[in-house]
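Right, one structure below, let's go through it.
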Amino acid sequence: MKIIVTGSLGNIGKKLTTELLSAGNQVTVVTSSADRKSEIEALGAVAAVGSVSDADFLTQTFTGADAVFAMTPPNLGGQNVVANTTNAGKAFAEAFKTANIKKVVMLSSIGADLPNGTGPIEGLFHIEQIYNGLENTNITFLRAGYFYTNYYNDVPMIKNAGIMGSNLPENTKIPLVHPHDIAIAAAEELQKTSEGKNIRYIVSDFRSAADIAENIGKYIGKPELPWVEFSDDEALNGMIQAGVPAEIAQLYTDMGAGLKSGKIAADFEKTGAKTDGNIKLEDFANEYAMKF
1 MKIIVTGSLG
11 NIGKKLTTEL
21 LSAGNQVTVV
31 TSSADRKSEI
41 EALGAVAAVG
51 SVSDADFLTQ
61 TFTGADAVFA
71 MTPPNLGGQN
81 VVANTTNAGK
91 AFAEAFKTAN
101 IKKVVMLSSI
111 GADLPNGTGP
121 IEGLFHIEQI
131 YNGLENTNIT
141 FLRAGYFYTN
151 YYNDVPMIKN
161 AGIMGSNLPE
171 NTKIPLVHPH
181 DIAIAAAEEL
191 QKTSEGKNIR
201 YIVSDFRSAA
211 DIAENIGKYI
221 GKPELPWVEF
231 SDDEALNGMI
241 QAGVPAEIAQ
251 LYTDMGAGLK
261 SGKIAADFEK
271 TGAKTDGNIK
281 LEDFANEYAM
291 KF
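Under full-length UniProt numbering, the sequence shown has 110 at position 110, and the numbering climbs by one with no breaks.
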């Protein structure tokens, strides 16, 4: 198969590209950075350098492909994030139609069934709606859990304050996912036959915030590491003081509130809450310790 991978060679893209190449596929990797070209080619893939917001570039790149892995960059543009993400989805959709793409696997998220109150996930809701309107394209919405790797942002808090925390209580259960598990699921979906519009949740583990702090603490040599619940204002101001742009800080505060209320995880739980990823919390905590 000729498969296009968007998202460059990030935590998902590199693993996905190697999985697809090892299965004998021809792979083109879309990247916004020309500096990635040699690394992509060293893997045995073709590099396509351009913007995922440019429908003409995407159309040219997608033409002749059997399948596309569609991923919009997180925090696209740094400002007007939801609008920018949605507009990138529109560019993808236009390119799918013009290039006559029959199969798409879209990286979506838990909570993408909700129109608002989910922070940055809201953009993925809008993209799912746009893609649902494509009549001749078979699409799998790969709704991923909360990335384990987001917890690397807590390293300064752990080192400076001796805590982990967010604007949700320690008993909040969070669907978690490792980027490598997403890549493996995406590779499976891209290479199998499917019709119409389908949803697949990819979650590696489903654990409480207290479990997250306990396991990370255990592996980094801080077994008493607590999870501390902040108010929404405390979480927002803490991120801003740490240098996070105000708009992005607000979006992540809103996402925390959505996790706290349970609404972001509700549809995942309703479907049976399967955790079919291989990398469990303890596995990630061991990885965390090696980078701490």
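Yeah, the Cβ is synthetic: ideal placement off N, Cα and C, and Gly gets one too. Everything numeric in this text was worked out from a predicted model, so none of it was measured.
### Message
Taking its Cβ as the centre, do 16 or more other Cβ atoms sit within 10 Å of alanine 95, making it buried, or is it exposed?
### Response
By 1-based counting over the sequence shown, the position of residue 95 is 95. Around the beta-carbon of alanine 95, 16 or more other beta-carbon atoms lie within 10 Å, marking it buried.
#### Entry: Stretch-stretch touch, CB-based, cutoff 8 Å, three pairs: the segment 128–137 with the segment 275–283
Counting Cβ pairs under 8 Å, fewer than three are found: no touch.
### Task
Have a look at the DSSP bridge pairing and note the partners of alanine 47.
The residue labelled residue 47 in the question sits at position 47 within the sequence shown. Answer is Val29, bridged to alanine 47.
### Task
Spatial neighbours of threonine 85 within its chain, please: CB distance less than 6 Å, with the 5 preceding and 5 following residues excluded, ordered by chain position.
Here residue 85 corresponds to residue number 85 of the sequence shown, with the count starting at 1. In its chain, beyond the 5 residues on either side, Thr72, Leu76, Gly123 have a beta carbon closer than 6 Å to the beta carbon of threonine 85.
### Task
List the DSSP bridge partners of aspartate 205.
For this step, residue 205 is matched to residue 205 along the sequence shown. Partner(s): Leu176.
### Task
Note down, in chain order, each residue of its chain lying with its Cβ closer than 8 Å to the Cβ of phenylalanine 141, except the 5 sequence neighbours on either side.
Taking the sequence shown and counting its residues from 1, one reaches residue 141 at position 141. Result list for phenylalanine 141: Met106, Ser108, Ala112, Glu128, Tyr131, Lys197, Asn198, Ile199, Arg200, in chain order.
### Query
Going straight from the alpha carbon of alanine 161 to that of valine 29, what length do you get?
Along the sequence shown, read from residue 1 onward, the residue named residue 161 stands at position 161. Along the sequence shown, read from residue 1 onward, the residue named residue 29 stands at position 29. Rounded to whole angstroms, alanine 161 to valine 29 spans 41 Å at the Cα level.
### tyrosine 146 - partner residues in DSSP beta bridges
Taking the first residue of the sequence shown as 1, we reach residue 146 at position 146. Assignment of beta-bridge partners to tyrosine 146 by DSSP yields Leu176.
### Task
State the DSSP-derived secondary structure class of serine 109, mapped to helix, strand or coil.
The residue you call residue 109 lines up with position 109 of the sequence shown. DSSP places serine 109 in strand when its eight states are reduced to three.
### Query
DSSP state of alanine 65, grouped into three classes?
On the sequence shown, position 65 is the one that residue 65 refers to. If DSSP states are grouped into helix, strand and coil, alanine 65 belongs with coil.
### Message
In whole angstroms, give me the CA-to-CA distance for asparagine 80 and glutamate 247.
### Response
Along the sequence shown, one-based indexing puts residue 80 at 80. Along the sequence shown, one-based indexing puts residue 247 at 247. Computed Cα separation, rounded: 8 Å.
### Task
Apply the 10 Å Cβ neighbour rule to residue 298 and answer buried if 16 or more other Cβ atoms are within range, or exposed otherwise.
Because the chain in this structure spans residues 1 to 292, residue 298 falls outside the shown range and cannot be described.
### Query
Looking only at its own chain, which residues have a Cβ that is under 6 Å from the Cβ of glycine 44, when we skip the five neighbours before and after it?
To locate residue 44, count along the sequence shown from 1; it is residue 44. In the same chain as glycine 44, and ignoring 5 residues on each side of it, the C-beta atoms closer than 6 Å to its own belong to Leu21, in chain order.
### Task
Give the DSSP bridge partners of lysine 2, in chain order.
The residue labelled residue 2 in the question sits at position 2 within the sequence shown. DSSP output for lysine 2 lists Gln26 as bridge partner(s).
### Query
In its own chain, which residues sit with a C-beta less than 7 Å from the C-beta of methionine 239, not counting the 5 before and 5 after it?
Here residue 239 refers to the residue found at position 239 of the sequence shown. Setting aside the 5 residues that flank it on each side, methionine 239 is surrounded in the same chain by Ala249, Tyr252, each with a C-beta closer than 7 Å to its C-beta; the list follows chain order.
### Message
So histidine 178 and serine 208 are supposed to be a Cβ contact under 8 Å. How far apart are they, rounded?
### Response
Taking the first residue of the sequence shown as position 1, residue 178 is located at position 178. Taking the first residue of the sequence shown as position 1, residue 208 is located at position 208. The beta-carbon distance between histidine 178 and serine 208, rounded to whole angstroms, is 18 Å. This is too long to meet the 8 Å contact definition.
### Query
What residues match up with glutamate 229 in a beta bridge as DSSP calls it?
Residue 229 sits at position 229 when you count from the first residue of the sequence shown. For glutamate 229, which the question treats as bridged, DSSP gives the partners Ser166.
### Query
With 16 as the cutoff for other CB atoms within 10 Å, does asparagine 115 come out buried or exposed?
Position 115 of the sequence shown, counted from the start, is the residue given in the question as residue 115. According to the sequence provided, residue 115 is proline. The question's asparagine does not apply to it. By the neighbour-count rule (16 or more Cβ atoms within 10 Å), proline 115 is not buried but exposed.
#### Entry: Candidates Glu234, Leu259, Val5, of which the one nearest isoleucine 121 by Cα
Along the sequence shown, read from residue 1 onward, the residue named residue 121 stands at position 121. Looking at the Cα atoms, Leu259 is the closest of the given residues.
### Message
What residue range does the alpha helix (DSSP H) around alanine 273 cover?
### Response
Residue mapping note: residue 273 aligns to position 273 of the sequence shown, counting from 1. Run containing alanine 273: none; DSSP gives neither H nor E here.
### Task
Tell me valine 104's beta-bridge partners as DSSP assigns them.
Numbered from its first residue, the sequence shown carries residue 104 at position 104. Val68, Ile139.
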